[in-house]
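Sequence lines, in order, name chains A and S.
Just so you know, the first sequence maps onto residues 1 to 421 in full-length UniProt numbering.
Just so you know, the second sequence maps onto residues 1 to 421 in full-length UniProt numbering.
This report concerns only the one structure given below.
2 protein chains.
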Amino acid sequence: MQDSIQNYMQQVGTQARQASSVLMSAPTHLKNHALSAIYTALENNQAQILAANQIDMNNGRQRQLDNALLDRLELTPARFKGMLQGLKDVINLIDPIGEITDLAYRPSGIQLGKMRVPLGVIGMIYESRPNVTLEAASLALKSGNAIILRGGSEALESNKAIAIAIQHALQMSGLPEHAVQVIDTPDRAAVGHLITMTEYVDVIVPRGGKSLIERISQEARIPVIKHLDGNCHVFVEAQADLQKALPIALNAKTHRYGVCNAMETLLVDEAIAEEFLPRIAELYAEKQVELRGCPETQRILGVSVKTATDEDWYTEYLGPILAVKVVTGMNEAIQHINKYGSHHTDAIITENFSLAREFLARVDSSSVMINASTRFADGFEYGLGAEIGISTDKIHARGPVGLEGLTSQKWVVFGDGQIRQ
Amino acid sequence: MQDSIQNYMQQVGTQARQASSVLMSAPTHLKNHALSAIYTALENNQAQILAANQIDMNNGRQRQLDNALLDRLELTPARFKGMLQGLKDVINLIDPIGEITDLAYRPSGIQLGKMRVPLGVIGMIYESRPNVTLEAASLALKSGNAIILRGGSEALESNKAIAIAIQHALQMSGLPEHAVQVIDTPDRAAVGHLITMTEYVDVIVPRGGKSLIERISQEARIPVIKHLDGNCHVFVEAQADLQKALPIALNAKTHRYGVCNAMETLLVDEAIAEEFLPRIAELYAEKQVELRGCPETQRILGVSVKTATDEDWYTEYLGPILAVKVVTGMNEAIQHINKYGSHHTDAIITENFSLAREFLARVDSSSVMINASTRFADGFEYGLGAEIGISTDKIHARGPVGLEGLTSQKWVVFGDGQIRQ
Numbered sequence: 001m002q003d004s005i006q007n008y009m010q011q012v013g014t015q016a017r018q019a020s021s022v023l024m025s026a027p028t029h030l031k032n033h034a035l036s037a038i039y040t041a042l043e044n045n046q047a048q049i050l051a052a053n054q055i056d057m058n059n060g061r062q063r064q065l066d067n068a069l070l071d072r073l074e075l076t077p078a079r080f081k082g083m084l085q086g087l088k089d090v091i092n093l094i095d096p097i098g099e100i101t102d103l104a105y106r107p108s109g110i111q112l113g114k115m116r117v118p119l120g121v122i123g124m125i126y127e128s129r130p131n132v133t134l135e136a137a138s139l140a141l142k143s144g145n146a147i148i149l150r151g152g153s154e155a156l157e158s159n160k161a162i163a164i165a166i167q168h169a170l171q172m173s174g175l176p177e178h179a180v181q182v183i184d185t186p187d188r189a190a191v192g193h194l195i196t197m198t199e200y201v202d203v204i205v206p207r208g209g210k211s212l213i214e215r216i217s218q219e220a221r222i223p224v225i226k227h228l229d230g231n232c233h234v235f236v237e238a239q240a241d242l243q244k245a246l247p248i249a250l251n252a253k254t255h256r257y258g259v260c261n262a263m264e265t266l267l268v269d270e271a272i273a274e275e276f277l278p279r280i281a282e283l284y285a286e287k288q289v290e291l292r293g294c295p296e297t298q299r300i301l302g303v304s305v306k307t308a309t310d311e312d313w314y315t316e317y318l319g320p321i322l323a324v325k326v327v328t329g330m331n332e333a334i335q336h337i338n339k340y341g342s343h344h345t346d347a348i349i350t351e352n353f354s355l356a357r358e359f360l361a362r363v364d365s366s367s368v369m370i371n372a373s374t375r376f377a378d379g380f381e382y383g384l385g386a387e388i389g390i391s392t393d394k395i396h397a398r399g400p401v402g403l404e405g406l407t408s409q410k411w412v413v414f415g416d417g418q419i420r421q
Numbered sequence: 001m002q003d004s005i006q007n008y009m010q011q012v013g014t015q016a017r018q019a020s021s022v023l024m025s026a027p028t029h030l031k032n033h034a035l036s037a038i039y040t041a042l043e044n045n046q047a048q049i050l051a052a053n054q055i056d057m058n059n060g061r062q063r064q065l066d067n068a069l070l071d072r073l074e075l076t077p078a079r080f081k082g083m084l085q086g087l088k089d090v091i092n093l094i095d096p097i098g099e100i101t102d103l104a105y106r107p108s109g110i111q112l113g114k115m116r117v118p119l120g121v122i123g124m125i126y127e128s129r130p131n132v133t134l135e136a137a138s139l140a141l142k143s144g145n146a147i148i149l150r151g152g153s154e155a156l157e158s159n160k161a162i163a164i165a166i167q168h169a170l171q172m173s174g175l176p177e178h179a180v181q182v183i184d185t186p187d188r189a190a191v192g193h194l195i196t197m198t199e200y201v202d203v204i205v206p207r208g209g210k211s212l213i214e215r216i217s218q219e220a221r222i223p224v225i226k227h228l229d230g231n232c233h234v235f236v237e238a239q240a241d242l243q244k245a246l247p248i249a250l251n252a253k254t255h256r257y258g259v260c261n262a263m264e265t266l267l268v269d270e271a272i273a274e275e276f277l278p279r280i281a282e283l284y285a286e287k288q289v290e291l292r293g294c295p296e297t298q299r300i301l302g303v304s305v306k307t308a309t310d311e312d313w314y315t316e317y318l319g320p321i322l323a324v325k326v327v328t329g330m331n332e333a334i335q336h337i338n339k340y341g342s343h344h345t346d347a348i349i350t351e352n353f354s355l356a357r358e359f360l361a362r363v364d365s366s367s368v369m370i371n372a373s374t375r376f377a378d379g380f381e382y383g384l385g386a387e388i389g390i391s392t393d394k395i396h397a398r399g400p401v402g403l404e405g406l407t408s409q410k411w412v413v414f415g416d417g418q419i420r421q
């Protein structure tokens, strides 16, 4: 069995590499043609795909999956529409491949530039959300990459139904049919092979729970674009405009709870805490957000606020709970964020130009914001069309990863006979 | 002993991380001031550093290190001067940190851009060439990174002498003294810790023999910017201008043998082989370059040409040997390069516009050249000032890696109170 899994994965890898060599230089119109064919195929198969999703949902309920997971698993007609809109967005994105930038002459007479190229073969490992299958496939195709998809067993029927439509469209469109491959065995050994086949796979993108991603990062022999947790902060600085601070602090926490760009800790400058905290606490109370505060927060807001422990500062609640800390100023806020945060998204609310500039330079996070809600940190809001994930790494791609994160740049040199002296 | 090495490395890591948090937002003038102080310190200590290098050279001769290694180890006054010039070049480079690009409004009203930031802490593992100590330290400082240097035991005295000058200058200049740290234990366990301390080190840059780099890549838990072999090709296409092809083919092979951007296989279109091969063979004969050819090459050049085996197509000779293959055209040439090459640097010699364009798009190498010698693929020729290495990876940095390869980009968002709808 292990042998046959290995052979199967080797075959998938070989086919992906072959497809990649064609996709690498596939012209834009051909890639867009294939994506349009996928759009039509999905539209035509909506009923089957939603029916397949209902099978997954029923199985999930029988297996007593938790509600958050079932919510991510479900494909409603509205979500299906959103998925198709995402695909349309990808079709409309400018093809990044082949773009040559910075072309300039060097003293030797050579003309040197950088050309954007696909990475090659992407291995995608994900859980629950079946729309990832389409998002990942469409971003990979648009950027000239082949992709191997390994979804979770809980979404198997949904993913298979989507994959059938994609592959049918690929076959019709003249791109290699193995440009998108779905691993259809539930055997976990397949993942072990996928993340170590260095000759066939150029990058691994895992999406799912933290434990899944940590395991993959530990065992992968291939570079991983990974997203761990999103422990995001809003720092209400002493010179904050409360007309901005109040709606932002409310929005960052309560707009949606189970997302990585939600605020988990609110930091408030001591100079403004007496004024700001009671007002924002009232708004949170309306939304039934539980507050866990430092002693100073408790002093101002009263005993109804639970005590925040050191553990709270590290925690991504993903729910209606918020840690609150009163700080002595910028330095303490930045040190807190860089120490306890997850380098995802952090915001300052201030009208002070110099402090805003300093916050921008010193906060070591993939998105740093001034006077805006942390909830903006995602691929759609950033105009990437769709995102294949959010990277909390610093290497290669940071923050929301769209088309460009699936590309690399090679050097190009034009000459008319130059030799090295 | 193992415990004490681990404690030592933990301390080095902690100090590097602390230094990094200061360096991250250090202003350009302070970084340049420190680099200038290093320049002066090295200039003043030239005699001591060259004397320390002579100790390493003597030890190396006693240990019967091979000549290529001894050559790389030696610091002559001319090389010392080149090293200082490299440092001056780095001082004169534009500071990449803090650059904000692509700042534009999104429909939500937020203003989104990308800001260039340091990676954090770099771990550098290298062999023999002591000038790498300075190159790496200066590139790291200029790009706002802390660096931990682990040189080879054969260069220990040279590296220590250079490191003393660097650290003396750092202490005088107001940057953290642990911005540059040299591991001074020969214990190999130090490398094992360095490449797995994910909390303290953000990227590993190994430079040295292929076996060293392969071992580090295998064992590292931190992203590695690595350079494996340089099996470079020149393809003389049917419409090549021989006035360009002859000097380029000669230069790419014979300008310097032991370098990664030297040509190792010459590909010649069959339409031009009868004319080109005898002329280039004559030039190679003058330089005593041994040719290993395919049957067609042997037919044209005669029996003096040895038979090239499949192994030859894969080989980076790093010496006066060249594999030669006659191909039926572009397709065979590109397939050969993508299959047997190392994705380092490959060139086509042609006057045909469309074929040049196609070669550019389809050859999957970090540098792709038209009518120029592969020898141009290095950081100095590319104007990077100095290079910390050449990457044969696709992720993050590809080809010669200079300042920019040691940076990342974070997203910045400016708003005036925007919340997510």
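Where is the CB? At the ideal position from N, CA and C, for every residue including glycine.
- Looking from the CA of Tyr8(A), the closest CA among Ile162(A), His168(A) and Gly192(A) belongs to Gly192(A).
- Going by DSSP, Tyr257(A) is part of no beta strand (DSSP E) at all; its letter is neither H nor E.
- Ser20(A) places its beta carbon 7 Å or farther from that of Val90(A).
- Taking a Cβ-Cβ cut-off of 8 Å, the neighbours of Tyr382(A) in chain S comprise Arg106, Leu112 and Trp411, given in sequence order.
- Collapsing the DSSP output to three states places Ile204(S) in a strand.
- With its beta carbon less than 7 Å from one in chain A, Ser373(S) belongs to the interface.
- Scanning its chain for C-beta atoms nearer than 6 Å, with the 5 sequence neighbours on each side dropped, one finds around Thr374(S) the residues Cys232, Ala252, Asn261, Met263, Thr345 and Ala347, in chain order.
- Residue-level contact check: Asp229(S) does not touch chain A, since none of the beta carbons of chain A fall below 7 Å from its beta carbon.
- Looking at the DSSP output, Val191(S) sits in no beta bridge, so it has no partner there.
- Boundaries for Ser373(S): no alpha helix (DSSP H) harbours it, and the DSSP string shows neither H nor E there.
- Distance between Ala356(S) and Arg362(S), taken at the CA atoms: about 10 Å.
- Scanning its chain for C-beta atoms nearer than 6 Å, with the 5 sequence neighbours on each side dropped, one finds no residue around Arg63(A).
- Across the stretch 226-256 of chain A, CB contacts with chain S closer than 9 Å involve Asp241, Gln243, Lys244, Ala245, Pro247, Ile248, Leu250, Asn251, Ala252, His255 and Arg256, in sequence order along the chain.
- Buried is the label assigned to Val326(S), since at least 16 other Cβ atoms lie within 10 Å of its Cβ.
- Secondary structure of Leu112(A) (DSSP, three-state): strand.
- In this structure, the CA atom of Ser342(A) is about 51 Å from the CA atom of Leu267(S).
- Listed along chain S, no residue sits closer than 8 Å to Ala78(A) by beta-carbon distance, the nearest being about 16 Å off.
- Inter-residue distance for Gly13(A) and Tyr200(A) is about 5 Å (C-alpha atoms, whole angstroms).
- Where Tyr105(A) is concerned, the enclosing beta strand (DSSP E) starts and stops at Ile100 to Tyr105.
- Listed along the chain, the chain A residues whose CB falls inside 7 Å of the CB of Lys394(S) are Leu119, Gly120, Asp202 and Ser408.
- Per DSSP, Ile122(S) is one residue of the beta strand (DSSP E) stretching across Val121 to Tyr126.
- Chain S has a Cβ within less than 7 Å of the Cβ of Val368(A).
- Using a Cβ distance threshold of 7 Å, Asn352(S) and Lys244(S) do not count as a contacting pair.
- For the pair of segments examined, the stretch 374-393 of chain A was found not to touch the stretch 321-336 of chain S: the number of CB pairs separated by less than 8 Å stays below three.
- Here the stretch 175-182 of chain A makes contact with the stretch 142-149 of chain A; the two share three or more CB pairs at distances below 8 Å.
- Taking a Cβ-Cβ cut-off of 8 Å, Pro96(S) has no neighbours in chain A, whose nearest Cβ is about 13 Å from it.
- Under the Cβ distance rule, Ile125(S) does not count among the residues neighbouring chain A, no pair being separated by less than 7 Å.
- Residue environment: Arg221(A) is assigned as exposed (fewer than 16 neighbouring CB atoms within 10 Å of its CB, all protein chains considered).
- Residue burial annotation: Asp310(A) is exposed, with fewer than 16 other C-beta atoms found within 10 angstroms of its C-beta.
- Annotation for Asp269(A): no alpha helix (DSSP H) segment contains it, though the beta strand (DSSP E) segment containing it runs Met263 to Asp269.
- Around the beta carbon of Ile225(S), 16 or more other beta carbons sit within 10 angstroms, so the residue counts as buried.
- Ser138(A): member of the alpha helix (DSSP H) spanning Asn131 to Lys142, first to last residue.
- Any Cβ of chain A closer than 7 Å to the Cβ of Arg357(S) would place that residue at the interface, and such an atom is absent.
- Taking the CA atoms as reference points, Trp411(S) sits about 13 Å from Arg106(S).
- By DSSP's assignment, Lys325(S) forms a beta bridge with Leu267(S).
- Put simply, the CB of Ile419(A) is near chain S, with a gap under 7 Å to one of its CB atoms.
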